[in-house]
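Peer 1: Just passing along the structure, written as structure tokens.
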Amino acid sequence: MIPLWERDIPGYDPDINNGEFPSLTPYLLENNKINSSIIICPGGGYVKRAEHEGEPIALWLNSIGVSSFVLNYRVAPYRYPYPILDVKRAIRLVRYNADKFHITPEKIGILGFSAGGHLACMSAVHSDDGNQDSSDPVEKISSKPNVLILCYPVISFLKFYHRGSMISLLGEDPPEGLRGFLSGENYVTENTPPTFIWHTADDASVPVENSILFVEALRKFNVPFELHIFQSGRHGLGLAKGDPYVSKWTELCENWLRRVQFII
Numbered sequence: 145m146i147p148l149w150e151r152d153i154p155g156y157d158p159d160i161n162n163g164e165f166p167s168l169t170p171y172l173l174e175n176n177k178i179n180s181s182i183i184i185c186p187g188g189g190y191v192k193r194a195e196h197e198g199e200p201i202a203l204w205l206n207s208i209g210v211s212s213f214v215l216n217y218r219v220a221p222y223r224y225p226y227p228i229l230d231v232k233r234a235i236r237l238v239r240y241n242a243d244k245f246h247i248t249p250e251k252i253g254i255l256g257f258s259a260g261g262h263l264a265c266m267s268a269v270h271s272d273d274g275n276q277d278s279s280d281p282v283e284k285i286s287s288k289p290n291v292l293i294l295c296y297p298v299i300s301f302l303k304f305y306h307r308g309s310m311i312s313l314l315g316e317d318p319p320e321g322l323r324g325f326l327s328g329e330n331y332v333t334e335n336t337p338p339t340f341i342w343h344t345a346d347d348a349s350v351p352v353e354n355s356i357l358f359v360e361a362l363r364k365f366n367v368p369f370e371l372h373i374f375q376s377g378r379h380g381l382g383l384a385k386g387d388p389y390v391s392k393w394t395e396l397c398e399n400w401l402r403r404v405q406f407i408i
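Take the sequence shown: its position 16, counting from 1, is numbered 160 in my numbering, and each next residue is one higher.
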């Protein structure tokens, strides 16, 4: 594992004994090429990180020629802003170490499932160019992902929201201003990265309207996107290997990554 911070972890609480520090688990291709890369944010309602949305996704990305990293971001009892600090730091760290990892710094994507999709979305709509006054060279690097892949994502904390994810991240009865700030549909601009989204129409945990809200915002700002809504499928399918219909999402996503020239 690669720690996101070698020391001075923002918000670190020694009394939170979940045995983990924010880190990346790398799955780097060794093919004598400079590759694209994608950071994966597993779902879990901001209380855990689902294993089936981590390593299996990383290995699939490897199979289509993309180096990958699984982000071990902080979950409850850690709350906002720490998971978002973690994902932004992860993008900076991967970009800063592009030569070391044999990746292209202009082709770093973010992929997230469910609450991890919310985290990935936040990295895209609240990215920054880095802090040039920081004494930490990693903090001087841009946190903007170059592509965004969202799988049955939590998007909004105002409409059609997943209450469990919101409470785990923000606590009970968070102020409406903060809920709005963390609703991805409100912060799309023309600079939001090209986006691939999929959802199932009958998702009983995170309503499909989350993806639709985000796509409507992307369309308003002419951001390239591709949306797939499958007729049926439970929440949390991951690769969906047991569903010959929904499992097509990986092929569709690979084709899209090639169409936007992300895969080299």
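Positions of the beta carbon are idealized from the N, C-alpha and C atoms, including for glycine.
At a cut of 8 angstroms, does the region 268-284 reach the region 308-319 through at least three beta carbon pairs?
Peer 2: With a cut-off of 8 angstroms, the region 308-319 and the region 268-284 do not count as touching, because too few Cβ pairs lie within range.
Peer 1: Throw me the rounded Cβ distance for the Gly328 and Met266 pair, which I believe falls under 8 angstroms.
Peer 2: Translated into positions along the sequence shown, residue 328 becomes position 184. Translated into positions along the sequence shown, residue 266 becomes position 122. With a Cβ gap of about 7 angstroms, Gly328 and Met266 count as contacting.
Peer 1: Between the C-alpha atoms of Ala194 and Ile184, what's the straight-line distance to the nearest angstrom?
Peer 2: Here residue 194 is taken as the residue at index 50 of the sequence shown, counted from 1. Here residue 184 is taken as the residue at index 40 of the sequence shown, counted from 1. When rounded, the distance between both Cα atoms is 11 angstroms.
Peer 1: Does the count of Cβ pairs from the region 335-345 and the region 361-370 closer than 8 angstroms reach three?
Peer 2: The region 335-345 is in contact with the region 361-370.
Peer 1: How long is the line joining the alpha carbons of Val390 and Leu381, rounded to whole angstroms?
Peer 2: To locate residue 390, count along the sequence shown from 1; it is residue 246. To locate residue 381, count along the sequence shown from 1; it is residue 237. Approximately 9 angstroms between the Cα atoms of the pair.
Peer 1: In its own chain, which residues sit with a C-beta less than 8 angstroms from the C-beta of Ala268, not counting the 5 before and 5 after it?
Peer 2: In the sequence shown, counting from the first residue as 1, residue 268 sits at position 124. So the list reads Ile254, Lys288, Pro289, Leu292, Gly328, Thr336, Pro337, Thr339, once near-sequence residues are dropped.
Peer 1: For Glu370, does the three-state DSSP call read helix, strand or coil?
Peer 2: Translated into the one-based positions of the sequence shown, residue 370 becomes position 226. Residue state, collapsed to three classes: strand.
Peer 1: For the beta strand (DSSP E) containing Trp342, name the first residue and the last one.
Peer 2: Translated into positions along the sequence shown, residue 342 becomes position 198. Element bounds for Trp342: 339-344.
Peer 1: State the CB to CB distance for the pair Leu173 and Ala234, rounded to an integer number of angstroms; the pair is presumed to be in contact (CB under 8 angstroms).
Peer 2: Within the sequence shown, numbered from 1, the residue matching residue 173 stands at position 29. Within the sequence shown, numbered from 1, the residue matching residue 234 stands at position 90. Incorrect: roughly 18 angstroms between the Cβ atoms, too far for contact.
Peer 1: I'd like the span of the beta strand (DSSP E) that includes Ser309, first residue to last.
Peer 2: Counted from its first residue, the sequence shown places residue 309 at position 165. That residue, Ser309, is in no beta strand (DSSP E); its alpha helix (DSSP H) goes 307-314.
Peer 1: From Trp342 to Ser355, what distance separates their C-alpha atoms?
Peer 2: As a working note, residue 342 is residue 198 in the sequence shown. As a working note, residue 355 is residue 211 in the sequence shown. Straight-line measurement puts the Cα of Ser355 at about 8 angstroms from the Cα of Trp342.
Peer 1: Rounding to the nearest angstrom, what Cα-Cα distance links Ile208 and Glu316 in this structure?
Peer 2: For the purposes of this step, residue 208 is taken as the residue at position 64 of the sequence shown. For the purposes of this step, residue 316 is taken as the residue at position 172 of the sequence shown. Taking the straight line joining both Cα atoms gives about 42 angstroms.
Peer 1: For the beta strand (DSSP E) containing Val269, list its first residue and its last residue.
Peer 2: As a position in the sequence shown, residue 269 is number 125, starting the count at 1. Careful: Val269 lies outside any beta strand (DSSP E), inside the alpha helix (DSSP H) at 259-269.
Peer 1: Does DSSP put Val282 in a helix, in a strand, or in coil?
Peer 2: Here residue 282 refers to the residue found at position 138 of the sequence shown. DSSP places Val282 in the helix class (H, G or I) of the three-state scheme.
Peer 1: Let me know if Pro166 comes out buried or exposed under the rule of 16 or more other beta-carbons within 10 Å of its beta-carbon.
Peer 2: Stepping through the sequence shown from its first residue, residue 166 is reached at position 22. Classification for Pro166: buried.
Peer 1: Using only the alpha-carbon positions, how far apart do Gly224 and Val214 sit?
Peer 2: If you number the sequence shown from 1, residue 224 lands on position 80. If you number the sequence shown from 1, residue 214 lands on position 70. What sits at residue 224 in the sequence shown is Tyr, not Gly. Tyr224 and Val214 have their C-alpha atoms roughly 20 angstroms apart.
Peer 1: Any idea what DSSP makes of Pro249, helix, strand or coil?
Peer 2: Here residue 249 is taken as the residue at index 105 of the sequence shown, counted from 1. Note: Pro249 maps to strand in three-state DSSP.
Peer 1: Is the separation between the beta-carbon of Ile408 and that of Asn179 shorter than 8 angstroms?
Peer 2: One-based indexing of the sequence shown puts residue 408 at position 264. One-based indexing of the sequence shown puts residue 179 at position 35. Asn179 is positioned such that its CB atom lies closer than 8 angstroms to that of Ile408.
Peer 1: Return the bridge partner residues of Phe213 from the DSSP annotation.
Peer 2: Taking the first residue of the sequence shown as position 1, residue 213 is located at position 69. Partner(s): Pro170, Ile183.
Peer 1: What's the gap between the Cα of Val404 and the Cα of Trp149?
Peer 2: Looking up residue 404 in the sequence shown gives position 260. Looking up residue 149 in the sequence shown gives position 5. Rounded to whole angstroms, Val404 to Trp149 spans 32 angstroms at the Cα level.
Peer 1: Taking the alpha helix (DSSP H) that Val291 falls in, what are its first and last residues?
Peer 2: Residue 291 sits at position 147 when you count from the first residue of the sequence shown. Unbroken run through Val291 is the beta strand (DSSP E), 291-295; no alpha helix (DSSP H).
Peer 1: Where do the ends of the alpha helix (DSSP H) carrying Lys364 lie?
Peer 2: Counting from one through the sequence shown, the residue named residue 364 turns up at place 220. Segment 353-364, the alpha helix (DSSP H) holding Lys364.
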